[in-house]
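Novice: Questions regarding the structure given below will be posed in turn.
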């Protein structure tokens, strides 16, 4: 379980969340001349960062499964599924903001 003591999802996500929050606030401050290209670039960077972290977490899950810790691997897989659905909802919401 040392892997989980060294790796905390919340700690990993904090810098990314902060970067997104700052970028989104900058985007909103641009009203009425929003910089949509900057915002799209930011979303792409954030998506890429989360994708990398997701791959790392899935690799840890695979290591847990291979080492006989199948329950831990199942929990990781379940959490990753929930994270994917949450990101889809956030993406739809942020896309909706573009339209309105």
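Numbering (my numbering), first residue to last: 17 to 116. Backbone N, C-alpha and C fix where the C-beta goes; we use that ideal spot for every residue, glycine too.
(1) For my contact list, residue 80 and residue 92 are in at a C-beta cut-off of 8 angstroms; report their separation, rounded to the angstrom.
(2) How about residue 122 and residue 89: are their beta carbons less than 8 angstroms apart?
(3) Need the endpoints of the alpha helix (DSSP H) that residue 85 sits in, please.
(4) Which of helix, strand or coil does DSSP assign to residue 77?
(5) With a cut-off of 8 angstroms on the beta carbons, I'd call residue 39 and residue 58 a contact; round off their distance for me.
(6) Taking DSSP as the reference, what is the three-state secondary structure of residue 31?
Specialist: From the atom records:
(1) Locating residue 80 in the chain shown gives position 64, where the first residue counts as 1. Locating residue 92 in the chain shown gives position 76, where the first residue counts as 1. With 8 angstroms as the limit, residue 80 and residue 92 qualify as a contact, their Cβ atoms being about 7 angstroms apart.
(2) Residue 122 lies beyond the range of the chain shown here (17 to 116); nothing can be said about it.
(3) If you number the chain shown from 1, residue 85 lands on position 69. Residue 85 -> no alpha helix (DSSP H), and no H or E assigned at all.
(4) Sequence index remark: in the chain shown, residue 77 carries index 61 (1-based). Residue state, collapsed to three classes: helix.
(5) The count along the chain shown starts at 1 and reaches residue 39 at position 23. The count along the chain shown starts at 1 and reaches residue 58 at position 42. Between residue 58 and residue 39 the Cβ distance is about 4 angstroms, and since that is below 8 angstroms, they are a contact.
(6) Locating residue 31 in the chain shown gives position 15, where the first residue counts as 1. Helix, per DSSP.
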